[in-house]
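Take a look at the structure set out below.
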Amino acid sequence: MAPSRCVAGFWLALLIGIVASSCDSYSKEQEQEMKRIRDSVSADPGTINSRDKQGNTPLHLAVLNKYLPLLDWLKDHGADPNSKGLYGDTPLHLAIISDPTSDGRVIRRLLLMGADVNSQTIDGYTPLHIAAISGKAGFVQFLLDKRANRDLRNKRNLTPAEEAIQFPAMTYSKEGRRAVDTSAAVNVLRTYSPK
Numbered sequence: 000m001a002p003s004r005c006v007a008g009f010w011l012a013l014l015i016g017i018v019a020s021s022c023d024s025y026s027k028e029q030e031q032e033m034k035r036i037r038d039s040v041s042a043d044p045g046t047i048n049s050r051d052k053q054g055n056t057p058l059h060l061a062v063l064n065k066y067l068p069l070l071d072w073l074k075d076h077g078a079d080p081n082s083k084g085l086y087g088d089t090p091l092h093l094a095i096i097s098d099p100t101s102d103g104r105v106i107r108r109l110l111l112m113g114a115d116v117n118s119q120t121i122d123g124y125t126p127l128h129i130a131a132i133s134g135k136a137g138f139v140q141f142l143l144d145k146r147a148n149r150d151l152r153n154k155r156n157l158t159p160a161e162e163a164i165q166f167p168a169m170t171y172s173k174e175g176r177r178a179v180d181t182s183a184a185v186n187v188l189r190t191y192s193p194k
């Protein structure tokens, strides 16, 4: 499969698979998984930024699973917020999709760790591209406030606004699929003026 089709498939699978959940309570299994990751990194600190078979570092896993205590622990132990997965995705790219909090707690923590708001995947997607195609106007505004470059182009030669208009993310339900409404995100991108 061509790399761009693989990446598109990855993002599609991630968008479909993300289920909003609370960041404040965890099941016994989730607590055990966080402990397993902490124990593994404690036993061999050199593995803090190593990737698993799917290309995820411990920080990627903490973000994907909304494990805020683990995210904080990894931050305190020197995890790299700009570590890249198989497709060049950073934890911030994943947080844009998976952060279920209305206040962007996961995203804010990553930025405090030094996450690059303009980091690009192998297909040139920035966190701003992901927020725009996902229709997340609040995250678009937040990233712009943190100096995200709205003029960066991906491998399709599209800015975040252009990508959101032409290729919005899809939502799936038993009624079928439909494009995410990206109009508010596009409006923020077009009208934003730095403070």
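Numbering that gives the first Met the number 0 applies: residue 0 is where the sequence shown begins, and numbers increase by one. All C-beta atoms in this analysis are idealised placements derived from N, C-alpha and C, irrespective of residue type, glycine included. Keep in mind that this is a model prediction, so the values were computed, not measured.
Exercise. Would you say residue 109 and residue 85 are within 8 Å of each other, going by their C-beta atoms?
Worked result: no
For this session: For residue 8, count neighbouring Cβ atoms within 10 angstroms of its own Cβ and tell me buried if that reaches 16, exposed if not.
Result: Bear in mind that a pLDDT of 49 at residue 8, under 50, signals an unreliable position, so the number given afterwards is only what the model happens to contain. Residue 8 is exposed by the Cβ-count criterion.
For this session: On the DSSP bridge assignment, give the partners of residue 170 in chain order.
Result: 177
Problem set entry | Distance, residue 63 Cα to residue 103 Cα | 14 Å
Exercise. How would you call residue 24, buried or exposed, if buried means at least 16 neighbouring beta carbons within 10 angstroms?
Worked result: exposed
Exercise. When the Cα atoms are used, what is the spatial distance from residue 190 to residue 172?
Worked result: 32 Å
Exercise. At which residues does the alpha helix (DSSP H) containing residue 119 begin and terminate?
Worked result: That residue, residue 119, is in no alpha helix (DSSP H); it is neither H nor E in DSSP.
Exercise. What did DSSP end up calling residue 46 once you bin it into helix, strand or coil?
Worked result: helix
Problem set entry | Complete runs of the alpha helix (DSSP H) confined to the stretch 59-95 [at least 4 residues] | 67-75
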